[in-house]
Structure formats: structure tokens, C-alpha cells
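Going down the list, the sequences are from chains A and B. Residue numbers 1 to 259, in our numbering, belong to the letters of the first sequence in order. Residue numbers 1001 to 1365, in our numbering, belong to the letters of the second sequence in order. Beta carbons: idealized from backbone N, C-alpha and C, even for Gly. Since the structure is predicted, the reported quantities are computational estimates derived from the model, not experimental observations. Reading through the C-alpha cells given below for one structure.
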Amino acid sequence: MDIQDIIKPENLVYQKSKIQVDVISHYCPGCSHGVVHKLISEVIDELGIQEKTIGVSPVGCAVFAYNLIDIDWQEAAHGRAPALATGIARTNPDKVVFTYQGDGDLASIGAAEIVHACNRGENIVVIFINNAIYGMTGGQMAPTTLLGMVTSTTPYGRNVELNGYPLKITDLIAQLPGVSYCTRQSVHTAATVRKCKNAIRKAFKNVMDKKGTSFVEVTSTCNSGWKLSPVESNNWMVENMFREYPQGDLKDVDKLIQQ
Amino acid sequence: MGELRLMKGNEVIAEAAIRCGCDGYFGYPITPQSEVMETLMELKPWETTGMVVLQAESEVASINMVYGAAGTGKKVMTSSSSPGISLMQEGLSYIAGAELPCLVVNVQRGGPGLGTIQPSQADYFQTVKGGGHGDYRLITLAPSSVQEMNDFVELGFELAFKYRNPAMILTDGALGQMMEKVELADFKPRRTTEEILQTCGSWATTGKTSHRNRNIITSLEMDPFRMEQNNLRFQAKYKELEENEVRYEEIMCDDAEYIIIAFGTSSRICLKAIDLLREKGIKAGLLRPITLYPFPTRIIAERSRQVKGFMSVEMSSGQMVEDIKLAVFDTGRIIPVKYFGRMGGLLPSPGEVVEALENNFLKGN
């Protein structure tokens, strides 16, 4: 049997979402960003909202998200994505607006913007990539860096006296009344990728239904910054990150209403 | 004739915004300009024109809300006073770099630091020389009456959209708090989605359709050759502004031997001062820059043929005086350019201005 005998429409089991731009990604092999981009693209495609969706990209590794997902984008200053999203969503209530932010962007320099946007219940999706490190600038400590974790600015490991504690920003966000859905997901196995996609779909659906802020943390790996192989990174994340950042829903207003 | 009212400068900013079809205001309270947002909240334009008004958590957030909304082609604005405007410099640099139209009002107070809540013009450098990082310019309008506070809201938006560049109304606490008679403009409807698509559809993030490529609002360009091209494009735009948008007013300049140059509140004081000087037989005139950027360089150069001296009167340590000196320097003529001003929230008095001009030019001759 020739390969051309196999490549037929009836044999198609998977294809790249048409929302994903056909270019080489700038992400490192093994990085979680690429998978999350794929999931967002699939969700936008499946919900049929390409023409309504406006993304806000951060400063960090995802600064070039606009090269990879085929929707209209705005690129924000470091940490300010939730403020941009507020301005877009408030003046364009018919649009589906989301921010895509890393831990330095969201939990450090943009802590005020994210807390207040969520507290106002801005009708936006927030995708939060937490890999406990500054990837783009070369592996410095992030607010979510674990205690003892070695980074280029904590060469002897993160130390409470010097650096304070890891910031569980997602736990904090879940407490805010403006947030309708807050969850912590990951994308290191096929099963978690499927779960994460469901969470992202739910978040986008919530915004289409005008339910306020939906916040999806994706606990992620940065094998380049962590200086581990992709497989080792996944294992390290499960063993260490999940203890500090337990997986699953922190808040779902739909379920609270049902109860 | 439009509707006449007695209003504060700050209140009129709010009224003019609603009337000119503004889509949104994002701000944070700070003295002496809090009446702008207070007036908007009281008027509830979201119930009438559909204009959005939001109190942000900080000036950093409000300017970035402006960025987001402006990036969708909406006509949006913010206002603040000096310390708050400092916080907005990051956002203004990004807005200029991403070439977005918006309007920012700075009701200046005295600095540096927390300074005072009294009026000042000490943010001149910050406004016309950059303020934020990178090579960019703000279209800067300097009103000298409550009427102009009204008129420059619409003019500011018009120029901002014409050049896809942030515009600033640079005013001060005296004009913000002052009540004067003002003729309001008639209500203009907000632009429809179709109108926005027609005028801004080529760049604004209005949602990617199958008919066009995705629109991306960004100031980022990693390739230095392309980044230089971006900068050259900005510079060409600024050149065009300098050619076409200079605005100024001259009073009794035609026969003047001494020209006082002053903007905003200090120009009102100098108007009285030139009368007093004329009574004394001194041929004084007043040149009032209305656009601080682009600066009225050419008219200053022309007037340098006839005058014995210029004097810049400012509510600062002498900032605009540098631009006057440059304008004169470029002519090759040697004309004295002097400065007089008060700082820290104080206004110069007409008598002080007269005395300063006499001391600078007429004593010991």
C-alpha cells in the first residue's frame, strides 16, 4: 500500500485547526505554550468566533502569539493586558476578548491590573501560563517560582528571607466575586490536554454568555529555563509544581448555582 | 449659536466629550481634575449616547484601557493631572509606537513629586519632548479659556485620528477650576460600526473576517531595519504635523519691539501685561502658541526680524524658552530671548511681567 492510499478524506482523524497560522513556532521544543495555542485555536474554530475574537498578547515568550493564531490581536505593555482587554471589551461588548499572559506578566508587574479586571468581573477570558520562571529574559525568578528552585536570579535556590513566598495568584483570583470560573489545568499528557481544552472552551463560552471573568491557569513547563529535557520537565512539574499549584477547578459559578 | 452655559473647565471637558461622540473615558481621580470623571458619572452618557465611562484602578490602567479601546478604532480618552500623567508615560509611548489615536487631558499641577495641587505649566518638557521612552511626539494643544477647553476636545480627536497619533490637551488647574461662559457644540452621534470599519478598518482590531488578513496592534518589531523604517514613518508624520498643524494667536505683534511668548493661563496674564506696557509707551505684543507640538517655530523666526527681544513667560522654571531660543538660533540672528516665570503653583502677576520685561530689556540702556 502506497502512502497516497492512506491520505484520503475518509481516513482523516486529526487536522491542524485553520485558526492556527501555518508558520514555524518560535517556542522551544517541549514548551507548553504551543499546546495551549493549539487548544485556543481549536476552541475559537469550534465555537465559530474567529470574527468576534480579539486576543491580547503579553510581554514574555507569548509576545508573538499574534504570529501564530489567526485572529485580530493587540500587543500589550508588560502586565497591562487586562487593562487593554477591559478597554476593548467595554467599548465592544459584542466581541470575545481574551488575554494570554505568563506568570511574570500576570502575577508580578501586572498584579494590580489582573486583580482589578477580575474583581470588576470584566467579561474576558484570561489564559495564564504558569511555568514558575521568566522564559524570555533567560530564566529569572518569577513570583510563582517554587522555594528552593534555582533560577538565574536565585542561583542558590529561592529563599524565603531573600525572595518571599511563591504567589498563588490563581487562589487569590478565585476569591473575587467578579470571577465566574477559575481553574488550574496542565497539558503534559493526552488526558490533561483534553481536560484543558474543555476548560478553555468553557471559559470562552462563559464570555459569550456574558458571565464575567473566566480564568484558566495552565501549570506549565519551561524545559529551557528549568534546564531539563521535555520529559524530565513534565515529571518535575508533576512532582513539584502540582504540590504548590493543585490541579482542578477552584471556582465554577455554574456548579455553585446548581448546588 | 450653540447652547451657552457658565461652566468649569473640567466640567466642559466632560460635556464636550459626550457631545463630540466620544466612545469611552477611562480615568482615575486626582486633584485638580476630578470633576471630569465626576461630571461624566453624573451625566451617565452610557444611557444616552452609549459612551462608556469607567473609573480605573490607576492611571497605568486607564491609559492602557484607552490603548485597548483605541486599538478597535473607538474614539476614547482619559484625563489626569501631572503625577498621574507621569504614570501614563509608558502607555503613551506604546500608543505612539502602535500609532493609535486617542485624547489625553493633563490638568497640570505643580511638581516635582507630589508637589502641590495648584496650577503649573512644568510638564511642558514631558509633553512636547517625549516623556516616555523612544522617539515619539504628542500632538499638544494648549487652551487658554474654558471655551478652548471645549473646542480642543473635538479638535484633539480630529487631529489624533487624522495622524493616528495620541493628542494631548495641556492645560492647568487654573483653567480646570475656572468658570467661564462657554458655547457648547451640538450633539454629534458616535460613529457607527460601519463608519469605524470604513475609516479604521485597515488597522483596527474589529474582528478578523475572511475578507482580510488579521489586524495586529503592536509597537514591537525585532528586526532593527524594519524598526528603523517604522521610526522613519513616524518622523515623516511628525514632519507633516509641523508643516500643516501649527496653530498660534498673535496680539499686537505687527509693530511690536518686544514680544512676550506665553501659552495657556500665563498667556491670559500676559494679555493684561502688554496693555500695561503699551500704556507706558513700550511696544509689546503677545504671541500665544496654541499647538505646543508642533511648535510655532516659523512665526517666531519671522518676528525675530523686527523685535529687539522675546520674553517667555511660563509657570515653570523656563522650559518653552528653550524652543524659542532654538527658533531664533536657526535664523542666525542674535536676538535676546529671556524668561520670566513663577513655580510651585504660583501665577505671575501682570505687574511682575511688566517689571521683568523692563528689567530684561530696558534698564541700563
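Three-state secondary structure assigned by DSSP to Ser1312(B)
The three-state secondary structure of Ser1312(B), taken from DSSP, is strand.
With 16 as the cutoff for other CB atoms within 10 Å, does Met1(A) come out buried or exposed?
Met1(A) comes out exposed.
Sequence-distant residues of its chain with Cβ nearer than 7 Å to His33(A) (five each side left out)
Tyr27, Cys61, Ala62 and Ile129.
Roughly how far, in whole angstroms, is the beta-carbon of Val1307(B) from the beta-carbon of Ile1335(B), given that I think they are within contact range, below 8 Å?
About 6 Å separates the CB atoms of Val1307(B) and Ile1335(B); that is less than 8 Å, so the two are in contact.
Just to check my reading of the structure: Gly55(A) and Gly79(A) have Cβ atoms closer than 8 Å, yes? What is that Cβ distance to the nearest angstrom?
Contact flag wrong, Cβ pair sits at about 16 Å.
If you reduce the DSSP assignment to three classes, tell me which class Thr1193(B) lands in.
Residue state for Thr1193(B) is assigned as helix, using DSSP reduced to three classes.
Exposed unless 16 or more other CB atoms sit within 10 angstroms - verdict on Asp1186(B):
Per the 10 Å Cβ criterion, exposed.
Thinking just about the alpha-carbon of each residue, which of Val21(A), Tyr245(A), Lys197(A) and His37(A) is nearest to the one in Thr145(A)?
Closest by alpha carbon: Tyr245(A).
Quick check on the DSSP output: the alpha helix (DSSP H) that includes Ile1299(B) runs from which residue to which?
According to the DSSP assignment, Ile1299(B) belongs to the alpha helix (DSSP H) that extends over Thr1297 to Arg1303.
Whole angstroms is fine: what's the gap from Leu12(A)'s alpha carbon to Asp5(A)'s?
In a straight line, the C-alpha of Leu12(A) is about 12 Å away from that of Asp5(A).
Closer than 7 Å, Cβ to any Cβ of chain D: which residues of the stretch 1014 to 1026 of chain B, in chain order?
Any reference to chain D falls outside this structure, whose protein chains are A and B.
Of all the CB atoms in chain B, is at least one closer than 9 Å to the CB of Lys52(A)?
Interface residue, yes.
The alpha helix (DSSP H) spanning Lys1325(B) covers which residue range?
Start and end: Met1320 to Phe1329.
Return helix, strand or coil for Ile1139(B), following the three-state DSSP convention.
Ile1139(B): strand per DSSP, three-state reduction.
Sequence-distant residues of its chain with Cβ nearer than 7 Å to Ala199(A) (five each side left out):
Cβ within range, chain order: Thr183, Gln185 and Val216.
Residues of the stretch 110 to 126 of chain A in Cβ contact with chain B at a cutoff of 7 Å, in chain order, please.
The stretch 110 to 126 of chain A vs chain B, Cβ under 7 Å: Ala112, Glu113 and His116.
Within the continuous beta strand (DSSP E) that includes Lys1338(B), where are the two ends?
Val1337 to Gly1341 is the span of the beta strand (DSSP E), which, as asked, contains Lys1338(B).
Rounded to a whole number of angstroms, what is the C-alpha to C-alpha distance between Ile1261(B) and Leu106(A)?
C-alpha separation (whole angstroms): 47 Å.
So what does Pro1289(B) bridge to, in DSSP terms?
Partner(s): Tyr1248(B).
Report whether the distance from the Cβ of Pro1224(B) to the nearest heavy atom of the ligand NAP is below 8 Å.
This structure lacks the ligand NAP; in fact it carries no ligand of any kind.
Helix, strand or coil, according to DSSP, for Val278(A) in the structure here?
The question about residue 278(A) has no answer here: the residues shown for chain A are numbered 1 through 259.
I'd like the span of the alpha helix (DSSP H) that includes Cys31(A), first residue to last.
No alpha helix (DSSP H) contains Cys31(A), which DSSP labels as neither H nor E.
Compute the Euclidean distance between the alpha carbons of Val207(A) and Gly1021(B), then round it to the nearest angstrom.
Spanning the two alpha carbons is a distance of roughly 28 Å.
My understanding is that Gly135(A) touches Ser224(A), with C-beta atoms under 8 Å, so please give their C-beta distance in whole angstroms.
With a contact defined as Cβ atoms closer than 8 Å, Gly135(A) and Ser224(A) qualify at about 7 Å.
For Asp254(A), is the classification buried or exposed, using 16 other Cβ atoms within 10 angstroms of its Cβ as the cut-off for buried?
Exposed: under 16 other Cβ atoms inside 10 Å.
Check whether the Cβ atoms of Pro1083(B) and Arg1164(B) lie closer than 9 Å to each other.
At least 9 Å separates the beta-carbon of Pro1083(B) from that of Arg1164(B).
Spatial neighbours of Glu1249(B) in its chain, beta-carbon cut-off 7 Å, leaving aside the 5 residues before and after
Closer than 7 Å at Cβ, skipping near neighbours: Arg1288 and Ile1290.
Whole-angstrom distance between Ala1142(B) and Arg1298(B), CA atom to CA atom:
Going by the C-alpha atoms only, they are around 18 Å apart.
May I have the straight-line CA-CA distance separating Lys1239(B) from Leu167(A), to the nearest angstrom?
Each residue's alpha carbon lies about 48 Å from the other.
Can you check DSSP and say which residues form a bridge with Ala1284(B)?
Paired residue(s): Tyr1258(B).
Interface residues of chain B around Lys95(A) at Cβ under 7 Å?
Correct list: Gly1207.
Residue span of the alpha helix (DSSP H) that contains Asp171(A), given as start and end:
Segment Ile169 to Ala174, the alpha helix (DSSP H) holding Asp171(A).
What distance in whole Å lies between the Cβ atoms of Val97(A) and Lys197(A), which are believed to be in contact at a cut-off of 8 Å?
Cβ-Cβ separation between Lys197(A) and Val97(A): approximately 20 Å, too far for a contact (criterion under 8 Å).
Going by Cα to Cα distance, which pick from Glu1242(B), Gly1285(B), Leu1286(B) and Pro1189(B) is closest to Phe1295(B)?
Out of Glu1242(B), Gly1285(B), Leu1286(B) and Pro1189(B), Glu1242(B) has the C-alpha closest to the C-alpha of Phe1295(B).
Whole-number beta carbon distance between Val1076(B) and Asp1023(B), since they are thought to touch under 8 Å:
The C-beta distance from Asp1023(B) to Val1076(B) rounds to 6 Å, short enough to fall under 8 Å.
Have a look at Lys1325(B) and Phe1310(B) and give me their C-alpha separation to the nearest angstrom.
In this model, Lys1325(B) and Phe1310(B) are separated by some 9 Å (Cα to Cα).
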